[in-house]
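Colleague: Its first residue numbered 5, the sequence shown is counted upward by one per residue in my numbering.
Every residue, glycine too, gets a C-beta built ideally from N, C-alpha and C.
This one's a predicted model, so the numbers in the text were calculated from it and none came from an experiment.
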Amino acid sequence: MKVLVVRVPLLYKRSPFLSAPNHKFSLTFSRIFPLPKHPNNLHNPMAACIDVSRTGTAQANPLSRDPNRSQTEENQLNLVKLYRRGFSGTASSMTQTRRVVDYADPDEDEVDLWLKMKGEARSDIEEEPILTNYYFSSILSQNSLESALANHLSVKLSNSTLPCNTLFDIFMGVLTEDQDIIMAVKDDLRAVKERDPACISYVHCFLNFKGFLACQAHRVAHKLWSQRRKVLALLIQNRVSEVFAVDIHPGAKIGRGILLDHATGVVVGETAVIGNNVSILHNVTLGGTGKASGDRHPKIGDGVLIGAGTCILGNIRIGEGAKIGAGSVVLKEVPPRTTAVGNPARLIGGKQNPIKLDKIPSLTMDHTSHISEWSDYVI
């Protein structure tokens, strides 16, 4: 007689090269890849069948260390060992991974960053084997940075009425169409790694930093918005707001090399513009005054640092290399390379002769320089 055993997890249904290592995939296909039909393929959600004795008792494996262990249990253990061993640096696993990466044919810069992320993922698996499935599904089974990002965002933002596969198709379509977005993604990864001491690796940022993920989801939404697909763009904005607590209107324009540190409570209005290499902390609002229409939101120059809890309201410009102290309320323009602090915000050194910063604050992440010139308060 035959019995059902070993129900394969859904993870292996979505890993393209486990069951078909020689199959090549197009980056524009859906997340459900066309796999060759075979009754024993791992992607089959139905259980496999094995022969057992007619008494209904599974036969013990004579080679098992535990003679009382059934063949079913032995098969399950071997399956787990197979996939865990694949990440230990064996030639077979390395060959499969490199085959997929080479097929993507990315530029040299992307290869360096993408391969580095895969190497970091393998190191994390060696340190925490319990995360093998998570890292495999999110990073090691993906064939490019585009597919990994589309997959991760779709998993994060999906719900019972918005399927993961639908979101994957949307994200993948935009990311493969517009390589400028991918270049911005890489610049954002480097920005977080360089400026945030809490970021231990690129893959750590990619998987776990919601500010980074919210920014990349916005890039896709903004592309859709510019294509007049406003309903879809607003849907992504809504899901990002619900999942990450970051509310960026899809009409807002954001540059490259962006750090949204912690990111909780960040709000960016429709006509806001954020330049390159800007660092923004949590609970920052780039909003309107409530009495204007049309172009009504702030314009943030390159290299600006905005401290936690800051509100910048109205169609005003924050000059390049300026710094806004935490908890400030800014209602007027801030000159380049100056520091504004307080509620309402005032320039350190005074309006007529403000102190000029000699370094780019968004890169140094220095929140306290020149504080003595602003206040003599001592704890």
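#1: Is the stretch 195-205 in contact with the stretch 273-280, if contact means three or more CB pairs nearer than 8 Å?
#2: Smallest Cα separation from residue 279: which of 335, 181 and 188?
#3: What are the boundary residues of the beta strand (DSSP E) that includes residue 186?
#4: Is residue 146 buried or exposed, if buried means 16 or more other CB atoms sit within 10 Å of its CB?
#5: Check whether the Cβ atoms of residue 311 and residue 322 sit closer than 7 Å, and answer yes or no.
#6: Skipping 5 residues on each side, what residues in its chain have a beta carbon closer than 7 Å to that of residue 269?
#7: Can you tell me whether DSSP reads residue 336 as helix, strand or coil?
#8: So, is residue 25 buried or exposed, given that buried needs 16 or more other C-beta atoms within 10 angstroms?
#9: If distances are taken between C-alpha atoms only, which option among 313, 171 and 340 comes closest to residue 151?
#10: With distance defined between alpha-carbon atoms, name the residue in 177, 234, 334 and 212 nearest to residue 315.
#11: Does the distance from the C-beta atom of residue 324 to that of residue 339 stay below 7 Å?
#12: Please classify residue 169 as buried or exposed, where buried requires at least 16 neighbouring CB atoms within 10 angstroms.
#13: So, at 7 Å on beta carbons, what are the nonlocal neighbours of residue 197 in its own chain, with the 5 sequence-adjacent residues on each side left out?
#14: Measuring only the C-alpha atoms, how far is residue 190 from residue 366?
#15: Are residue 313 and residue 331 closer than 7 Å when you measure CB to CB?
#16: Does residue 232 pass the burial test, meaning 16 or more other C-beta atoms within 10 Å, or should it be called exposed?
#17: Between residue 193 and residue 175, is the Cβ-Cβ spacing less than 7 Å?
#18: Just to confirm the assignment, what range does the beta strand (DSSP E) spanning residue 315 have?
#19: With residue 136 as the anchor, note down where its alpha helix (DSSP H) starts and where it stops.
#20: In three-state terms, what does DSSP make of residue 283?
#21: Tell me residue 350's beta-bridge partners as DSSP assigns them.
#22: Just to confirm, are residue 281 and residue 298 a CB contact at a threshold of 7 Å?
#23: CB-CB under 7 Å to residue 336, same chain, minus the five flanking residues each way: which ones, in chain order?
#24: Around the C-beta of residue 124, are 16 or more other C-beta atoms found within 10 angstroms, so that it is buried, or is it exposed?
#25: Residue 359 bridges to which residues according to DSSP?
Modeller: In brief:
#1: no
#2: As a working note, residue 279 is residue 275 in the sequence shown. Per the Cα distances, 188.
#3: On the sequence shown, position 182 is the one that residue 186 refers to. Taken as a continuous stretch (DSSP letters only), residue 186 belongs to no beta strand (DSSP E), being part of the alpha helix (DSSP H) at 183-199.
#4: Translated into the one-based positions of the sequence shown, residue 146 becomes position 142. Result: buried.
#5: Taking the sequence shown and counting its residues from 1, one reaches residue 311 at position 307. Taking the sequence shown and counting its residues from 1, one reaches residue 322 at position 318. It is not a contact, given that the beta carbons lie outside the stated cut-off.
#6: One-based indexing of the sequence shown puts residue 269 at position 265. Correct list, in chain order: 249, 286 and 287.
#7: To locate residue 336, count along the sequence shown from 1; it is residue 332. Looking at residue 336 - three-state DSSP - the assignment turns out to be coil, as it is neither helix nor strand.
#8: Here residue 25 refers to the residue found at position 21 when the sequence shown is read from its first residue. Only weak support exists for where residue 25 lies, its pLDDT of 40 falling under 50; the coordinates are left without a value.
#9: As a first step, residue 151 is located in the sequence shown; it is residue number 147 there, counting from the start. Among 313, 171 and 340, the Cα nearest to that of residue 151 is on 171.
#10: Along the sequence shown, read from residue 1 onward, the residue named residue 315 stands at position 311. Nearest option by C-alpha distance: 334.
#11: The sequence position of residue 324 within the sequence shown is 320, counting from 1. The sequence position of residue 339 within the sequence shown is 335, counting from 1. It is not a contact, given that the beta carbons lie outside the stated cut-off.
#12: Taking the sequence shown and counting its residues from 1, one reaches residue 169 at position 165. Residue 169 is exposed by the Cβ-count criterion.
#13: Start at 1 with the first residue of the sequence shown, and residue 197 comes out as number 193. Only 203, 206 and 209 meet the Cβ criterion.
#14: As a position in the sequence shown, residue 190 is number 186, starting the count at 1. As a position in the sequence shown, residue 366 is number 362, starting the count at 1. Straight-line Cα distance between these residues: approximately 17 Å.
#15: Within the sequence shown, residue 313 is the residue found at index 309, counting from 1. Within the sequence shown, residue 331 is the residue found at index 327, counting from 1. The answer is yes: Cβ separation under 7 Å.
#16: Numbered from 1 along the sequence shown, position 228 holds the residue referred to as residue 232. Classification of residue 232: exposed, given that the 10 Å Cβ count is below 16.
#17: Locating residue 193 in the sequence shown gives position 189, counting from the first residue. Locating residue 175 in the sequence shown gives position 171, counting from the first residue. Contact flag unset, no.
#18: Here residue 315 refers to the residue found at position 311 when the sequence shown is read from its first residue. Taken as a continuous stretch (DSSP letters only), the beta strand (DSSP E) holding residue 315 covers 315-317.
#19: Within the sequence shown, residue 136 is the residue found at index 132, counting from 1. Residue 136 -> alpha helix (DSSP H) spans 136-139.
#20: Position 279 of the sequence shown, counted from the start, is the residue given in the question as residue 283. Note: residue 283 maps to strand in three-state DSSP.
#21: By 1-based counting over the sequence shown, the position of residue 350 is 346. According to DSSP, which records beta bridges pairwise, residue 350 is partnered with 345.
#22: Along the sequence shown, read from residue 1 onward, the residue named residue 281 stands at position 277. Along the sequence shown, read from residue 1 onward, the residue named residue 298 stands at position 294. Result no, Cβ atoms of residue 281 and residue 298 do not sit closer than 7 Å.
#23: Working through the sequence shown from its first residue, we reach residue 336 at position 332. Here the set comprises 320.
#24: Here residue 124 refers to the residue found at position 120 of the sequence shown. Buried.
#25: Taking the sequence shown and counting its residues from 1, one reaches residue 359 at position 355. Paired residues: none, contrary to the question.
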